[in-house]
Structures are given as structure tokens and as C-alpha cells.
Amino acid sequence: NPALHESEGEYIHQKFLDFFLFIFIFSLGFDESVLLLIIIPFTSGTHHTPCKIYHDLSDSGVLNLIEQENRNKAGIYGIINNKTNKIYIGSAVNLHKRLVEHLYSDKTNIRLQRSIGKDGLSSFSFIIFEYHDFNDSILEFIDFNDLLLESETFYIQSINPDFLYNFKLHATSSAGYKHTDEAKAKMSARMAGENHPMFGKSHTDEAKAKISDANIGENNPMFGKSHTDEAKAKISAKKSKIRVLILDTQSNTVDIFDNTVLASEFIDVHKGTISKNIKSGRLLYNRYLILKIFDVDVDIT
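Under the UniProt record's numbering, the first residue of the sequence shown is numbered 1, with each subsequent residue one higher.
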């Protein structure tokens, strides 16, 4: 990343001080009113302090209040388990909608889902750390989506990983955010020619052949043909060794997982999303290429 603009650096620095103070005081067990009374005098302004805390997510009245106050609002949020002090940090362009997805959908963070199932919604609080909109002065220096991701990453990395539900320490996508055509064009340009991670590189012939064999239908080089009995036996023996390959086109790294569940945990998405992207062949988050392969070592040098 390019060096932070001075004003942006001051913004991030102030957030760190505010957030550290908040987490310390929150750990002492104070309620929301006491928290905000203590925090506000020590900060440069209320923009950087935790904005809202909603306790007991099993209470319909609390959920209605969250909807009233956060519908169509963007920002950084946390869902904390008051029994274990573990927290999930996220960003969204619609905070209320994102909370509903966490509470009632099985397509969000699996660690959080399991914890909710174990401890119940009454054990959880919803925290709004920051609200953001397109009028934020900081947008003079940073794209709106980048602002959300940088802010989310800041909060994630400010917490001991042992107390995080998040799988990754760097945010990769803001829930509900859609890139503008201009932003898409810029991303496409950044991936063109020498900027593409695979520019000037190629898979080995062996890797190409085995990846191709993993395809089905007319895309399979064996379509309309039949394998020998010996080949069929080898394929049958390898059925239990089908794996999922994830190529990160930004860092130019490859990770291979034994199944879609492990792959989904790596990117922090539902396993169904992994399967859909394997079938579509599209980049997930405009970043991850996902393939189903046999148990092979892939050489991308």
C-alpha cells in the first residue's frame, strides 16, 4: 500500500487510541452509558468513539431498535459473545441487513454461527464502532470501499487473534458493497499485462493436464471417449483425493485444501460459495481463482 497521507495517518492513529481505550473499559464490565461517558472526554471527537452498543440480541425490542437506527447505514461493527469475550469484526454498507444475515443465515462466519448456537443470542451484543458515508472528509484520500476495508482491518488487527471469530486478519470484502464501473475498470487495468500475477509464467505440463482432467462435460479432453480399465482404476482410487485450489491473484500465492469446508474457512465464506465459484470459473471478490483438482502439486513458476 502507498504511504498514508498525513491526514489519513492522524485519522488511523486516533482510531487506535480510541479503540484500545474502549476495549480496555469494556473488559471491566461497564454498561453502555458508563462506557461512552468515560470514552468521550479522552477522544478528539465522538466520530471516533464506539457509536452504539446493543445488548441481548434475543430481545425483539433490541432488534427493532437496531433496524430503526441502522437501516441503510454503512460502517464497522462487532458481534461480541459476553460469555467468552470473543468478537467478530466486520464492515457493511447496510449494518442492519448484515446483522440479520449473521443471526439467521448459515452463510456467514461458521465460528460465530456455532457460538450463537451454543450460547444463545441473549449472550451477544452488537457494537457499532464507526458509521461511514460518502460525505466523510477522509474520502478525499481513500476510496469508500477501501475506507471500510482499512477500518475493518484496523479493528481486527487490534485484537488478540485468540479472541476473534474472524478467520483472517485482513479484510477482503465489505458486505453489500458494489464497485462502480469506474472502479471495475481500474481493477481490470491493474490486472492487465505485466501487472497480472501470471504474466510471463505458466503451469507445468503435468499441472495443466491434471487440472484439465478435473473438468467435466465437453470441456473434458476425454469427452466422448472411454478410459482403459487401468485408467478407470486409477481415477477411482483418486476420487477421495480431490482437493480445492485457491489462487490469490493479488499476492500470487496458491493454497490447496482437502475440501470445500476448509477452503471456505480460509476466505471466510460459506462452502456453497466455494462450489459456485468452482462451477462459474469467476474470480471471487475479484481476487480468488478457485479450482477443484486432484491431489497434485501445482507449480506456477
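Note that the Cβ used here is the ideal one computed from N, Cα and C, for glycine as well.
Contact belief for Ser-60 with Leu-121 at Cβ below 8 Å, rounded distance in angstroms: Actually they are not in contact, since the Cβ atoms of Ser-60 and Leu-121 sit about 11 Å apart, beyond 8 Å.
Distance, Ser-105 Cα to Tyr-285 Cα: Spanning the two alpha carbons is a distance of roughly 20 Å.
Where Thr-253 sits in the DSSP three-state scheme: strand
Local Cβ density within 10 Å of Gly-281, reported as buried at 16 or more and exposed below that: exposed
Secondary structure of Lys-86, DSSP reduced to three states: coil
Residue from Thr-228, Asn-70, Phe-124, Lys-225 whose Cα sits closest to the Cα of Asn-94: Asn-70
C-beta atoms of Glu-67 and His-96 nearer than 7 Å: Contact: yes.
Candidates Pro-50, Leu-283, Asn-72, Phe-167: closest to Tyr-88 by CA position: Phe-167
Length of the line joining the Cα atoms of Asp-248 and Ala-92: Within the model, the alpha-carbon separation for Asp-248 versus Ala-92 is close to 23 Å.
Between the CA atoms of Lys-279 and Thr-153 - distance to the nearest angstrom: 30 Å
Distance, Ile-267 Cα to Ile-290 Cα: Going by C-alpha positions, Ile-290 is about 11 Å away from Ile-267.
Pair within 7 Å by beta-carbon distance, Ser-123 and Asn-81: yes
Through-space distance from Ile-127 to His-55, alpha-carbon basis: 9 Å
Under the three-state DSSP convention, the category His-77 falls into: The residue you asked about is not His; residue 77 is Tyr in the sequence shown. In the structure shown, Tyr-77 sits in a strand (DSSP, three-state: E or B).
Where Leu-148 falls, given that 16 or more other Cβ within 10 Å makes a residue buried: Buried: at least 16 other Cβ atoms inside 10 Å.
Whole-angstrom distance between Lys-83 and Tyr-177, CA atom to CA atom: Interpretation of Tyr-177 is limited by its pLDDT of 41, a score under 50 that renders its predicted location unreliable; the figure taken from the coordinates is listed afterwards. Each residue's Cα considered, the two are about 32 Å apart.
Extent of the continuous alpha helix (DSSP H) to which Lys-118 belongs: 110–119
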